[in-house]
Structure formats: structure tokens, C-alpha cells
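Read in order, the letters of the sequence shown correspond to residues 4 to 390 in the numbering used here. Beta carbons are placed, not taken as given, at the ideal position from N, Cα and C, and that holds for glycine. The next block holds one structure in the form of C-alpha cells; read it before the comments.
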Amino acid sequence: MNKYIPYGRHEINNEDIDAVVNVLKSDFLTQGKEVEKFEMAVKKKLSVKEAVATNSATSALHIACLALDLKVGDFLWTSPVTFVASANCALYCGAGIDFVDIELRTGLINCDKLEEKLKAAEGSNNLPKILMVVHLAGASCDMKRIHELSKKYGFGVIEDASHALGGKYKNKYIGNCEYSNICIFSFHPVKIITSGEGGMATTQDRRIAEKMRMLRSHGIYKSRNAKEIQEKGLWHYEQIMLGYNYRMNDIEAALGQSQLKRLDQYVEKRQKVRSFYEENLKGCKYKLTKIPKECKSALHLVVIQLPEEMQHAYKQIFARLRLKGIGVQLHYIPVHLHPYYKDLGFKSGDYPEAESYAQRSISIPIYPTLKASDLEVTVKILCSEIY
Ligand SMILES: *Cc1c(COP(=O)(O)O)cnc(C)c1O
């Protein structure tokens, strides 16, 4: 039996362990100083004014939508090739959901199709309130063009950058929100860095950040102003909107800070792994997905695509690779094809490029601790099993 090589995994070192143990020995466990320090560190790294930590990217996506006032009667548009959370957040708010098809070779939202759909929607008074773009595998969408479209048609932009921490667009870190209202990261163990579970929303807009801070903690406002505290009493707080308990805790934040120090190192290692695949899979029939040239991908995933004539063998190839110990994965089953979404009226054929993407794409192993010997085994198996 071969060793099993997963498509992704986290790394924990002694520094991470010490950071967590220190919090466990301290007086505070829940959201406190460490969460603030983690937010500060992310702001500094990404050159962004505001960062709001949460207990997952899913909750960050939800409060980001609420902060942009998404509600019943509104629409959010997103990519069908994403994790379900990018679409579910609209439904949490009572809003409607719709999708924009992707480009097969990048897996990213197709801006020509987006523009076409916006033109049609303008005619029928159906423009979206929010566009949720997804930086699939860690490469940025065409944010400059999306920003221009958002100005022309008047919608908000949220970046689901769950895959993309440490990646760059036009030489700046993804998450600086130059072309969006809010950007979301995930610290789930399979992502670029981890806090166990956790997420973060970044924005340049202080008012949006304040609203998200209230929403992550029951919609409660507590003054930090000395005069107001004196007037109202030390015990005073007020609930001014309906919020949730979406707080990150200090244990997670300490782990996140410790991991953040290795962010660039991790992305460099991922670049090396992708380069190795590029070099060694050259003669093969399938191709790695394309990364747009204005991007430095964080490379959460590396994805190979079978040519159309091999599509019929997808299932067998996938099974053979798993059997040989390569933990391949599909990212993603198009969201609109899940039973829940089909019940909302979506059907096969609605987004042909997304569906074609899912019939050909295979995520292969990439993570910072992937050994050279495992990489060689992987390449050898890939070359012999896909023919
Ligand atoms: C992982 C992921 C999420 C959800 O992240 P959690 O932190 O697990 O809630 C959302 N969107 C995308 C694209 C993801 O990959």
C-alpha cells in the first residue's frame, strides 16, 4: 500500500504551540488582546486600514453582506465554481442568488459574461446589490475591470479571498481593498495559514468595519469614550442591531499571528511546488490551469485539466489516483448543481463553462511541508495513470 499524500495540509511548529500554550496559561481565552494583535498584524501586512477577525470565513462573508445592507429583494451574484459558503451568505440575508459563468482555463469569473449579464439586468431592473468574486486557487480575478463595472452599474464588491492570503494583484497584496468594499480570508487548516478555525474581513472603510464588529458580537455597541461611559454608567451597553456570536477567540488569534509570520515563506514554497509540476508534467496530455499575468497566486490549489477528449475518463482517472495514494480533489462541484440550489430553480446547463471545469479539473497535492520525494512519487503516478 502506498503512502497517502493529501492535496493540502497545515503545518504546526513549536513556536505555534508555545503561542497557544501562553494564551492557555493567561487570564483571557475569548476575544481579547490577541485578537486585536492578530488584526493589527494582518492590517500591517496587507496595507489596509481595517481588519475584523471572526470565527470563520463563512461568518465573515455573512456579516460582510449585512454590512453592505444586503436584504430581502436584493440579489448577490457570484461564481458557480466556489465553496457553497460564497453563495449561502446571500441566502442567510434573505436575498436572492445568481451566478456568472467562469473562464474554463483560469476558473475565474468571466468579465465579458459579467458585463453582458449586467447590461441585460439593467434593462429589466434586476441589477445585483453585491458581486462576490472568488479568487479561486489563490489567483485574483480581474479586479480593476470589476471595479469599473461596479461604478458603472452601482453594485458593491466583496472578494472571497479564502484561498488567496499572501497572493498579489498588480504587485500589491490581495486584501488591500483597492478595488473592492470588503475582502474575506479563511484560516481553516487547509488554507494558506490557519488559526484552527477562523476568518478575517478587511476593508478601507471605517464605518463598514465598525458595523461588522457589532454584527460579530450580537449587534452590541459599547462605548470606548470616557465621557460617555461616565454619563451612562460603567455597566452600560446597548444592542442596536441584530447580530451574532461570530467572535474569534484569543487561542485561535495567537495561532494565527504565529502562522502569519511564515506567510511569504509558505507562498514561496507553494510557488516552488507549482514550478516542479510545470517542469515535470510538460510532456503530458493535460495542463495546469492558467494564472492571469497581473497575479502572483497564493497557490492554495494547483489544478490540472484533462483535454476534452479525455473528459469521459475523469471518474476512472480520479479513482485510480486515489487508489495509488494521491489525495486528489475536485474544487468544486458547481454550486448551482447541489440539490438545495436545484430546488431554487437552477439546473444542469445553466453555466456550461463551470460545468465543463468540473468535468476536467483535478486538484493535486500542494502544501508547504510536501517533501521532494512525495512530489516525485506524485508526478510519476500522474504521468503513468493519466493516458
Ligand atoms: C474555505 C472556504 C470558505 C469557508 O471558509 P471557513 O473559514 O471554513 O468558513 C469560503 N469560501 C471559499 C472559497 C473557501 O474555500
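Inclusion of Leu-49 and Ile-133 in the CB contact set at 8 angstroms is not warranted, their separation being larger than that value. Separation of Trp-80 and Glu-181 (C-alpha to C-alpha, rounded to the nearest whole angstrom) is 20 angstroms. Comparing alpha carbon positions, the residue from Val-84, Ala-357 and Ala-140 closest to Ser-300 is Ala-140.
A distance criterion of 7 angstroms places the beta-carbon of Asp-19 beyond contact range of ligand 1, judged by its closest non-hydrogen atom. Straight through space, the alpha carbons of Asp-19 and Arg-108 are spaced by roughly 37 angstroms. Secondary-structure assignment with DSSP links Glu-241 through a beta bridge to Tyr-224. Gly-286 counts as exposed, since fewer than 16 other beta carbons sit within 10 angstroms of its beta carbon. Here the distance from the Cβ of Ser-364 to the nearest heavy atom of ligand 1 is not below 7 angstroms.
Taken through DSSP and simplified to helix, strand or coil, Tyr-370 comes out as coil. One alpha carbon belongs to Lys-264, the other to Asn-128, and they sit about 47 angstroms apart. Contiguous alpha helix (DSSP H) elements confined to the stretch 32-104 occur at 36-49, 60-70 and 88-95, taking only those with 4 or more residues. At a cut-off of 7 angstroms, the beta-carbon of Lys-345 does not count as near ligand 1: no heavy atom of the ligand is closer than that. Under the three-state reduction of DSSP output, Gly-157 falls in the coil class, being neither helix nor strand. Set against 7 angstroms, the gap from the CB of Val-160 to the closest heavy atom of ligand 1 is not smaller.
DSSP places Ile-185 inside the beta strand (DSSP E), whose first and last residues are 185-189.
With at least 16 other beta carbons inside 10 angstroms of its own, Tyr-360 counts as buried. When DSSP reads this structure, Ile-112 sits in a beta bridge with Ile-105.
The shortest CA-to-CA distance from Leu-121 to any of Ala-93, Tyr-269, Phe-158 and Asp-163 is the one to Phe-158.
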